[in-house]
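Taking it in order: structure first as C-alpha cells, then the write-up.
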Amino acid sequence: MELYENGFDVRVSLLVSSVSADYLESLITRMVQSQIRIGLMPQLMATEAGSLHPLDLAADDSQLMRLFAYEGDWNSDPFEPNLGSSSESDYRACNAGRTTVGVRADGSILPCLVLTRPVLGHLSTDTLASVITGEARRHFLESNVTPDICRACDLRRFCMRCPADALAETGSLSGIPPESCRIARLRAKFHIDSQR
18 MELYENGFDV
28 RVSLLVSSVS
38 ADYLESLITR
48 MVQSQIRIGL
58 MPQLMATEAG
68 SLHPLDLAAD
78 DSQLMRLFAY
88 EGDWNSDPFE
98 PNLGSSSESD
108 YRACNAGRTT
118 VGVRADGSIL
128 PCLVLTRPVL
138 GHLSTDTLAS
148 VITGEARRHF
158 LESNVTPDIC
168 RACDLRRFCM
178 RCPADALAET
188 GSLSGIPPES
198 CRIARLRAKF
208 HIDSQR
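Following the numbering used here, the residues of the sequence shown are numbered contiguously, the last one being 213.
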C-alpha cells in the first residue's frame, strides 16, 4: 500500500489455481476498491511445489470465467498483453533473458525465475556482464520465439503463452501448451461476449 500511496502505479499479479480461484474474488474486490490494478495469472508454472502435477491444480472453466470479469480491457489497458501488433514482439515469445534474469537460491542464473532451464551462469563463477554477453543467453534469445502457428492464431491477443509453460508441458520453448490454448479460448469468449 505504501507504494500506491506514494503515487506508484501498482499492479499485483495473482496466481489463479483451482485452490485459490474461489477465494480470490474478495481479495480482488478489496484491491479494486483501493484502486490497485490486478493481473490474473491462470497459467501454473513448473516451479509449483507439491505432490500434484501443476496441471492438476488448474482452475476449471467456470472459475476462470468468473475471475475474467476483474481483468482490464485487453485492447487498451497498457498492463494487459495486447499482442495484436506486428513488430519484433511478434517473434519474441517474451522478455525473459532480454529485460529480466532470475537468480535461484542456489545461485543459478536463469532467463526468468519461472524457467527451469537453461542456466545462463552462476553467481559464484560469473558476473552479470558475462552472463548478458554469454553464449548461453544468446542461444536462449534465438530459441525463445513465438511459433508460427501462434503468430497466426485468432486468439493470440487473448493468450498469455509462456515459454516456461511450453517447456514444462511440451519439453520445448516453442511448443504449444494446451493449457494456454484453453485459457485463451475462455478469455476470448468472456471478453468478446461481454462487449455484446
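Don't be surprised by glycine CBs; every beta carbon is placed ideally from N, CA and C.
Answer yes or no: do P135 and L145 have a C-beta to C-beta separation smaller than 9 Å? To locate residue 135, count along the sequence shown from 1; it is residue 118. To locate residue 145, count along the sequence shown from 1; it is residue 128. No. Outside cutoff.
Where I55 sits in the DSSP three-state scheme: For the purposes of this step, residue 55 is taken as the residue at position 38 of the sequence shown. Reduced to three states, the DSSP call for I55 is strand.
Is DSSP giving T187 helix, strand or coil here? Numbered from 1 along the sequence shown, position 170 holds the residue referred to as residue 187. Of the three classes helix, strand and coil, the one that applies to T187 here is helix, per DSSP.
For P195, count the other beta carbons within 10 Å of its own beta carbon; 16 or more makes it buried, fewer makes it exposed. Which is it? For the purposes of this step, residue 195 is identified with residue 178 of the sequence shown, where counting begins at 1. Flag for P195 reads exposed.
Extent of the continuous alpha helix (DSSP H) run through S43: Taking the first residue of the sequence shown as position 1, residue 43 is located at position 26. Run containing S43: 38-50, per the alpha helix (DSSP H) assignment.
When the Cα atoms are used, what is the spatial distance from P164 to A183? Along the sequence shown, read from residue 1 onward, the residue named residue 164 stands at position 147. Along the sequence shown, read from residue 1 onward, the residue named residue 183 stands at position 166. Roughly 11 Å between the two C-alpha positions.
Residue from A38, S197, V29 whose Cα sits closest to the Cα of S79: Residue 79 sits at position 62 when you count from the first residue of the sequence shown. Nearest C-alpha to S79: A38.
So what does T117 bridge to, in DSSP terms? The residue given as residue 117 occupies position 100 in the sequence shown. DSSP, once it has assigned bridges, lists A113 as partnering T117.
For R178, is the classification buried or exposed, using 16 other Cβ atoms within 10 angstroms of its Cβ as the cut-off for buried? The residue labelled residue 178 in the question sits at position 161 within the sequence shown. That one is buried.
From L32 to R121, what distance separates their C-alpha atoms? Taking the sequence shown and counting its residues from 1, the one referred to as residue 32 is at position 15. Taking the sequence shown and counting its residues from 1, the one referred to as residue 121 is at position 104. Distance between the alpha carbons of L32 and R121: 20 Å.
Per DSSP, which residues does G124 bridge with? Please list them. Translated into positions along the sequence shown, residue 124 becomes position 107. Answer is none; G124 lacks a bridge partner.
Under the rule that 16 or more other beta-carbon atoms within 10 Å means buried, what is G114, buried or exposed? By 1-based counting over the sequence shown, the position of residue 114 is 97. Answer is buried; the Cβ neighbour count reaches 16.
According to the Cβ coordinates, are L81 and P59 closer than 9 Å? By one-based count along the sequence shown, residue 81 stands at place 64. By one-based count along the sequence shown, residue 59 stands at place 42. Closer than 9 Å, so yes.
Quick one, which of A110, L172, S147 has its alpha-carbon nearest A181's? The count along the sequence shown starts at 1 and reaches residue 181 at position 164. Nearest C-alpha to A181: A110.
With a Cβ-Cβ cutoff of 9 Å, do R199 and F175 count as a contact? Here residue 199 is taken as the residue at index 182 of the sequence shown, counted from 1. Here residue 175 is taken as the residue at index 158 of the sequence shown, counted from 1. Against a cut-off of 9 Å, the Cβ pair of F175 and R199 comes out as no contact.
Reducing DSSP to helix, strand and coil, say where L137 ends up. Looking up residue 137 in the sequence shown gives position 120. Of the three classes helix, strand and coil, the one that applies to L137 here is coil, per DSSP.
Specify the secondary structure class of D78 as computed by DSSP and reduced to three states. Counting from one through the sequence shown, the residue named residue 78 turns up at place 61. Here D78 sits in helix by DSSP.
For the alpha helix (DSSP H) containing L145, name the first residue and the last one. Within the sequence shown, the letter at position 128 stands for residue 145. Counting along the chain, the alpha helix (DSSP H) containing L145 begins and ends at 145-149.
Beta carbon of L130, beta carbon of A153: below 9 Å? Start at 1 with the first residue of the sequence shown, and residue 130 comes out as number 113. Start at 1 with the first residue of the sequence shown, and residue 153 comes out as number 136. No, Cβ-Cβ distance for L130 and A153 is not below 9 Å.
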